[in-house]
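Visitor: All residue numbers for the sequence shown refer to the working numbering, where the first residue is 1 and numbers rise by one.
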Amino acid sequence: MSLRHALLGLLAEGPASGYDLARRFQEGLHSVWPAQHPQIYSELSRLATAGLIEVDSHGPRRRTAYRITDAGLVEVRRWLAEDEVDHSFRMEPLLRSFFFWLMEPEDLARRLREEQARFEQSARSLRSYAGAKDRGEGGAAPRARAQRIALEAAVRVNDALAEWARWARETDPMASEDFGGAEGDGAEG
1 MSLRHALLGL LAEGPASGYD LARRFQEGLH SVWPAQHPQI YSELSRLATA GLIEVDSHGP
61 RRRTAYRITD AGLVEVRRWL AEDEVDHSFR MEPLLRSFFF WLMEPEDLAR RLREEQARFE
121 QSARSLRSYA GAKDRGEGGA APRARAQRIA LEAAVRVNDA LAEWARWARE TDPMASEDFG
181 GAEGDGAEG
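So, in structure tokens, the structure goes:
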């Protein structure tokens, strides 16, 4: 997934400023594709230069709202229908799990409790957004239904990761002879 196409998709909903787009990322997309203000503003500039978006209006405090162009809509639709999907899963918690054997047992247990709590909180928050969609907030248009589908995926992923952290904590890899631990470094030498 690219930030470029995510912004085009959001602008297909209607005109928005960089600030509005950053807020939408924080509210709905942060768990699947985080984006910071500087990244968003840089990409908006590139999209405008490429003719995929254009200025819709200027507001107070140099607020600039953008809208998608016909070429931008063609591009986001092409990306959705034709580009191969990148199924790689880049998550720092999972990368770190490969190196849990280097942690002290109490640090590992603490880290896994924190991860479990974080994933549980994310799932709760996402369920709240999903509940709003289920109550009809945001309408029944295809856009709202697609957002609900995406929210369900995010809820399920966070639930699964919370369960993974609980399982990992209960499994206690440091107790097994198969896991070295920092002192019995497990490295072959």
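All C-beta atoms in this analysis are idealised placements derived from N, C-alpha and C, irrespective of residue type, glycine included.
For a quick check, are the C-beta atoms of L3 and I53 less than 7 Å apart?
Guide: For the purposes of this step, residue 3 is taken as residue 3 along the sequence shown, with counting starting at 1. For the purposes of this step, residue 53 is taken as residue 53 along the sequence shown, with counting starting at 1. Against a cut-off of 7 Å, the Cβ pair of I53 and L3 comes out as no contact.
Visitor: Expressed to the nearest angstrom, what Euclidean distance is found between the alpha-carbon atoms of E104 and Q121?
Guide: Mapped onto the sequence shown, residue 104 falls at position 104. Mapped onto the sequence shown, residue 121 falls at position 121. Distance between the alpha carbons of E104 and Q121 is about 26 Å.
Visitor: Just the C-alpha distance for A168 and R111, rounded to the nearest angstrom, thanks.
Guide: Indexing the sequence shown from 1 puts residue 168 at position 168. Indexing the sequence shown from 1 puts residue 111 at position 111. Computed Cα separation, rounded: 11 Å.
Visitor: By the three-class DSSP mapping on this structure, what secondary structure does S17 have?
Guide: Translated into the one-based positions of the sequence shown, residue 17 becomes position 17. Strand.
Visitor: Quick one: what does DSSP say S2 is sitting in, helix, strand or coil?
Guide: Here residue 2 is taken as the residue at index 2 of the sequence shown, counted from 1. Looking at S2 - three-state DSSP - the assignment turns out to be coil, as it is neither helix nor strand.
Visitor: List the endpoints of the continuous alpha helix (DSSP H) containing D86.
Guide: Sequence index remark: in the sequence shown, residue 86 carries index 86 (1-based). No alpha helix (DSSP H) holds D86; DSSP gives it neither H nor E.
Visitor: Please state if the CB of A117 and the CB of V155 are separated by a distance shorter than 7 Å.
Guide: Position 155 of the sequence shown, counting from 1, holds the residue named residue 155. Position 117 of the sequence shown, counting from 1, holds the residue named residue 117. No, these two residues do not count as a Cβ contact at 7 Å.
Visitor: Beta-carbon within less than 8 Å of R63's beta-carbon, same chain only, minus the 5 sequence neighbours each way: which residues are those?
Guide: Along the sequence shown, read from residue 1 onward, the residue named residue 63 stands at position 63. Only S17 and Y19 meet the Cβ criterion.
Visitor: I think E115 touches A130, with their Cβ atoms under 8 Å apart; what is that distance to the nearest whole Å?
Guide: The residue labelled residue 115 in the question sits at position 115 within the sequence shown. The residue labelled residue 130 in the question sits at position 130 within the sequence shown. With 8 Å as the limit, E115 and A130 do not qualify as a contact, their Cβ atoms being about 22 Å apart.
Visitor: In the DSSP assignment, find the unbroken beta strand (DSSP E) run with H58 in it and report its ends.
Guide: On the sequence shown, position 58 is the one that residue 58 refers to. Residues I53 to H58.
Visitor: Where does the unbroken alpha helix (DSSP H) through R46 begin, and where does it stop?
Guide: As a first step, residue 46 is located in the sequence shown; it is residue number 46 there, counting from the start. Per DSSP, R46 belongs to the alpha helix (DSSP H) from H37 to T49.
Visitor: So, are the CB atoms of L7 and V76 less than 7 Å apart?
Guide: Locating residue 7 in the sequence shown gives position 7, where the first residue counts as 1. Locating residue 76 in the sequence shown gives position 76, where the first residue counts as 1. Their beta carbons are not under 7 Å apart, which means L7 does not touch V76 by this criterion.
Visitor: Enumerate in chain order the residues of its own chain whose CB-to-CB distance from L29 is below 8 Å, with the five nearest sequence positions on each side excluded.
Guide: Along the sequence shown, one-based indexing puts residue 29 at 29. Counting only Cβ-Cβ distances below 8 Å, and skipping sequence neighbours, we find A6 and A35.
Visitor: On the criterion of 16 or more Cβ atoms from any shown chain inside 10 Å, does E43 qualify as buried, or is it exposed?
Guide: Against the sequence shown, residue 43 aligns to sequence position 43. Its Cβ being crowded by 16 or more others within 10 Å, E43 is buried.
Visitor: Within a Cβ cutoff of 8 Å, which residues of the same chain sit near N158, ignoring the five residues on either side of it in sequence?
Guide: Within the sequence shown, the letter at position 158 stands for residue 158. Excluding residues within five positions, the ones whose Cβ falls inside 8 Å are S31, F119, E120, S122, A123 and L126.
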